[in-house]
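K.L.:
Heads up: the sequence shown at position 474 corresponds to 455 in my numbering, and the numbers run straight through without jumps. Before anything else, here's the structure in question.
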Amino acid sequence: MATATASRVAGHARRGVGVDHVLATVLALVAGLVSAVLSWVPSFWTDEAASIASADRPLGEIGALISSIDAVHAVYYVALHAWIPVVGETEVGIRALSVGAIVLATAGTYWLGRLTGGRRLGVVAALVFAVLPRVTWAGIEARPFALALAAAVWATVLMVAATRHRRAGWWIAYAVVAGLAVATNIYAALLVVAHGVSLLLLRVPLGVLLRWLLAAVAAAVLSSPILLLGVTERGQIAENPIGVGEWLRNVVVNQWFLGGTPTGVTPERGTPVWQAAALAAAALGWVLILVGVVSALRQRSGGRTRVVLAWAAPALVLPTAALGASLLLASPIYNPRYLTFTSFAVALLIGAGLLALRRRWLRVVAVALLVVAVAPVWWSQRTPDAKSGSDYRAVANYLAAHAAPGDGVYFSPREVTSDALTGAPTRRIAVAYPADFARLTDITRAVDATDSDTIDDLSRPLAAEGDRLRAESRVWVVRRVDASPAQRDADDAVLRAAGLSGGRVVFSGGLDRITEYTRTP
């Protein structure tokens, strides 16, 4: 009898795990679809062009690059280096790496909800995660944020499993994945600390705390090359200082309920629909989080929602507070993008809040309102100029349609400089869309980025290229719309001195402008 009962229990357990695997897979694929749809529409932008420029070089040269700049993105650059030959350099292909990371992260969010709050929470949290604006933004951003998010989620899943099974294998896996998360985003080290806080809140035995500490040290050792290089390059990751009010707005809205914005140099008139929708999504999201927190606090110690709160709250609060505190320093490091890896905690708490609503109709209304609120934000992330107003593809398409083989192209700097060699940010358009510039002559390009261990090629001043200018019958000037008048005037004087005239603006987008100069017979 006992044997038969044990067999039935084991059978139920196996079927339960099978159901969980199916649910995790289906939810992950749904999230991947939500992120992937229309991922090919937004133009590449400057950060994504930097990813392409960095990854599309031999591994040895990537190593030389990260030894002087962008070490914090080393893991992503290496991953993208392996990815590009498989998928090509199209928007949909390159961004598919991030979509894949969102698939993994969603599966992890389901398992985290399942382990801490039950199957219903796993399903609801994964669905919330799939439509969270910060997640749908990360899914089509060719930067490390989605990869770091996936590693952070799975590190937390392994942490929960390790505290329950207490086998060495779980702790080793946790150390490896946590180390990967930190190597992909150095601020994920704060998540490892948050895991320790969660253990304290759960009042685990001292032995578990010591195992976590040992695993955390191992994760730090594994990620130490990136951490050490990141410290030496800390000036490159500093952000502009912002006030308390702007920081609060970022935390409440941008950090999880907005993602990137399609705003260019010139602000839109009025309040865009996506902006109002983000405010509505944030308001509803925070109300549901509050409902979940209150529900947890009303439970007895050890209640499911209390366990969820113990794991999610530190992961949400501690990294946000730590980066926010940096605003008091001379070189603040807060940027809402850097905290993308905490998105799973928000999804868990919103999911807990939804399940805490006692009436079914309230849950249905809340879900419907959340979907309606996030839909305009999702759409705004998938417009041609969604990446901070980037018009890179439009610029490239214009030149491909109107420039003749052998025409000159000049990528103008934004400000006048006396440096002998300088970078030209607008040249990243050619990095993002090289085929459209292959027939043109880059007038001022002097040093290849791989020779200088930098992301961008270096340029000589236009004034030093008089001979090359006099050999051109037509030159296309690509400059930012907010380039300084002094820079525009200096360029115009050099071009006219070389016998070129016109200076007609033939294209003007949200960020960039093309001016045509021709030689009059």
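Glycine residues also receive a C-beta, built at the ideal position from the N, C-alpha and C atoms. In this text, all values refer to a predicted model and were calculated from it rather than measured experimentally.
I'd like to confirm the pairing. Which residues does DSSP put opposite S312 in its beta bridges?
P.N.:
Answer is none; S312 lacks a bridge partner.
K.L.:
Count the other CB atoms within 10 Å of the CB of P295; is the residue buried (16 or more) or exposed (fewer)?
P.N.:
buried
K.L.:
Is there contact here, the segment 352 to 366 with the segment 4 to 13, by at least three beta-carbon pairs under 8 Å?
P.N.:
no
K.L.:
Which stretch, first to last residue, makes up the beta strand (DSSP E) that contains Y498?
P.N.:
493 to 500
K.L.:
Please go through the segment 422 to 467 and give each complete alpha helix (DSSP H) segment of 4 or more residues, from N-terminal end onward.
P.N.:
Taken in chain order, the complete alpha helix (DSSP H) segments of 4 residues or longer contained in the segment 422 to 467 are 430 to 433, 447 to 451.
K.L.:
Contact check, A175 vs V158 under 8 Å by CB: the rounded distance?
P.N.:
The Cβ separation is near 15 Å, so there is no contact.
K.L.:
Per the DSSP calculation, G484 is bridged to which residue(s)?
P.N.:
Paired residue(s): none; G484 is not in a bridge.
K.L.:
Provide the residue span of the alpha helix (DSSP H) that contains Y391, from first to last.
P.N.:
Here Y391 belongs to no alpha helix (DSSP H); instead the beta strand (DSSP E) covers 389 to 392.
K.L.:
Once you ignore the five residues that flank A(-17) on each side, which residues in its own chain have a CB closer than 6 Å to its CB?
P.N.:
Model confidence at A(-17) stands at a pLDDT of 49, short of 50, so the residue's coordinates are unreliable and nothing is read from them.
K.L.:
Among V173, R145, I167, which one has its Cα closest to the Cα of T156?
P.N.:
Here the sequence assigns Ala to residue 156, which means Thr is not the residue at that position. Residue V173 is the option with its Cα nearest to A156.
K.L.:
Using a Cβ-Cβ cut-off of 8 Å, state whether T431 counts as contacting chain D.
P.N.:
The structure shown contains no chain D; it holds only a single protein chain.
K.L.:
Can you list, in chain order, the stretches of the alpha helix (DSSP H) that have 4 or more residues and sit fully within the segment 99 to 133?
P.N.:
100 to 112, 114 to 119
K.L.:
According to DSSP, S503 sits in a beta bridge with which residue or residues?
P.N.:
The structure shown does not extend to residue 503, since the chain is modelled only from -18 to 502, so the question has no answer here.
K.L.:
Thinking C-beta only, is V56 closer than 8 Å to T165?
P.N.:
Cβ distance < 8 Å, so T165 and V56 count as in contact.
K.L.:
With a Cβ-Cβ cutoff of 8 Å, do A479 and R460 count as a contact?
P.N.:
no
K.L.:
With the cut-off set at 8 Å, would you say T137 and F110 are in Cβ contact?
P.N.:
no
K.L.:
Determine the extent of the alpha helix (DSSP H) in which D28 is found, giving its start and end residues.
P.N.:
27 to 36
K.L.:
Could you spell out the range, first to last residue, of the alpha helix (DSSP H) harbouring H383?
P.N.:
For H383, the uninterrupted alpha helix (DSSP H) segment begins and ends at 373 to 383.
K.L.:
How would you call G447, buried or exposed, if buried means at least 16 neighbouring beta carbons within 10 angstroms?
P.N.:
exposed
K.L.:
Taking the C-alpha atoms as reference points, what is the distance between P222 and G305?
P.N.:
10 Å
K.L.:
Please return the same chain residues whose Cβ sits closer than 6 Å to the Cβ of G490, not counting the five positions on each side in sequence.
P.N.:
D372, A375
K.L.:
What three-state label does DSSP hand T87 in the structure shown?
P.N.:
helix
K.L.:
Can at least three beta-carbon pairs, one atom from the segment 31 to 39 and one from the segment 112 to 120, be found at a separation below 8 Å?
P.N.:
Under the three-pair Cβ rule at 8 Å, the segment 31 to 39 does not count as touching the segment 112 to 120.
K.L.:
One question on the structure: do P517 and D366 come within less than 8 Å of each other, judged by their Cβ atoms?
P.N.:
Examination of residue 517 is not possible in this model, given that the chain is present from -18 through 502 alone.
K.L.:
Can you tell me whether P317 is buried or exposed? The criterion is at least 16 other CB atoms within 10 Å of its CB, across all chains shown.
P.N.:
buried
K.L.:
Which residue wins for smallest C-alpha separation from G284, given the options T97, A77, V11, L10?
P.N.:
T97
K.L.:
So the candidates are V274, W92, T71; which of them puts its Cα closest to the Cα of E29?
P.N.:
T71
K.L.:
Report, in whole angstroms, the separation of the C-beta atoms of P114 and A291, which I expect to be a contact under 8 Å.
P.N.:
Not quite, the Cβ-Cβ distance comes to about 26 Å (not below 8 Å), so this is no contact.
K.L.:
Could you tell me the distance, in whole angstroms, from the CA atom of Q468 to the CA atom of S32?
P.N.:
28 Å
K.L.:
In chain order, what residues of the same chain have a beta carbon less than 7 Å from the beta carbon of A(-9), not counting five sequence neighbours either side?
P.N.:
Confidence at A(-9) is low in this model, with a pLDDT of 47, below 50, so its placement is unreliable and the value that follows should be read with caution. Contacts found: none.
K.L.:
Curious, which full-length alpha helix (DSSP H) runs of at least 4 residues does the segment 149 to 194 contain?
P.N.:
149 to 165, 170 to 183
K.L.:
Among R441, G370, T323, which residue has its Cα nearest to the Cα of V163?
P.N.:
Looking at the Cα atoms, T323 is the closest of the given residues.
K.L.:
Jot down the residue ranges of each uninterrupted alpha helix (DSSP H) in the segment 280 to 343, minimum 4 residues, whole runs only, in chain order.
P.N.:
285 to 306, 324 to 337
K.L.:
Per DSSP, G404 is paired with what?
P.N.:
L439
K.L.:
Just the Cα atoms here: how many angstroms apart are Q362 and H383?
P.N.:
29 Å
K.L.:
Let me check understanding here. Comparing Cα to Cα, which of L181, W21, I167 lies closest to A303?
P.N.:
I167
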